[in-house]
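Each residue of the sequence shown is one higher than the one before, starting from 8 at the first, in our numbering. The beta-carbon is built from N, C-alpha and C at its ideal position, and this holds for glycine as well.
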Amino acid sequence: MTEPRDHPFVTAVKPLVDAMGGELMDPSRAAPDDVVLAWEGEDVVAVRLPQLSESLDHILAALERRHGMPLAELDRKTKQDVVRILEARGAFSVRHGVETVAGALGVSRFTVYNYLNRENPNRNTRG
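What follows is the structure in structure tokens.
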């Protein structure tokens, strides 16, 4: 984004946009699917939201940074916690979400389903 980086509204929304894996840009560059945000009646910034699959990759990268190591190197209990966090964030509603998470954790799809079922034994695991 070229302008207005220093606008207080942009400063306020930037952490949220970064956490979602979005991109801030000048409103004049906004595409039809982008979200233009206004402040006091003036378009200040546009937000390009990531595709769902990109969001999952972004969330996995953030979890790796939080734990300070590749997710595949975490112990079993921590991997179960990661799966719980990912489920709360809707990671498994994304096409191939289970496969993507299993690959990041270094476990099988079956193991991810087991972690999910441990939390909610009545969960339907077909999908």
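Please list, in chain order, all residues of the same chain as Gly113 whose beta carbon is under 6 Å from its beta carbon, the five residues on each side excluded.
Looking up residue 113 in the sequence shown gives position 106. Answer for Gly113: Ala79, listed in chain order.
Pull up the distance between the alpha-carbon of Val42 and that of Ser62, whole angstroms please.
Translated into the one-based positions of the sequence shown, residue 42 becomes position 35. Translated into the one-based positions of the sequence shown, residue 62 becomes position 55. Straight-line Cα distance between these residues: approximately 16 Å.
At 4 residues or longer, what runs of the alpha helix (DSSP H) sit wholly inside the region 9-65?
15-27
Counting only the same chain and skipping the five closest in sequence on each side, list residues whose C-beta sits under 7 Å from that of Thr107.
Numbered from its first residue, the sequence shown carries residue 107 at position 100. Same-chain partners within the cutoff: Leu63.
According to the neighbour-count rule (16 or more other Cβ atoms, all chains shown, within 10 Å of its Cβ), is His84 buried or exposed?
Residue numbering aside, residue 84 sits at position 77 when the sequence shown is read from its first letter. Residue identity check: residue 84 is Lys in the sequence provided, not His. Lys84 is exposed by the Cβ-count criterion.
Ordered along the chain, which non-local residues of its own chain (more than five positions away) have a Cβ less than 6 Å from that of Thr132?
Counting from 1 along the sequence shown, the entry for residue 132 is found at position 125. Bear in mind that a pLDDT of 49 at Thr132, under 50, signals an unreliable position, so the number given afterwards is only what the model happens to contain. Contacts found: Tyr120.
Length of the line joining the Cα atoms of Ala68 and Val51:
Position 61 of the sequence shown holds residue 68. Position 44 of the sequence shown holds residue 51. So the two alpha carbons sit approximately 29 Å from each other.
His74 to Gly97, Cα distance in whole Å?
Counting from 1 along the sequence shown, the entry for residue 74 is found at position 67. Counting from 1 along the sequence shown, the entry for residue 97 is found at position 90. Near 20 Å, if we compare the C-alpha coordinates of Gly97 and His74.
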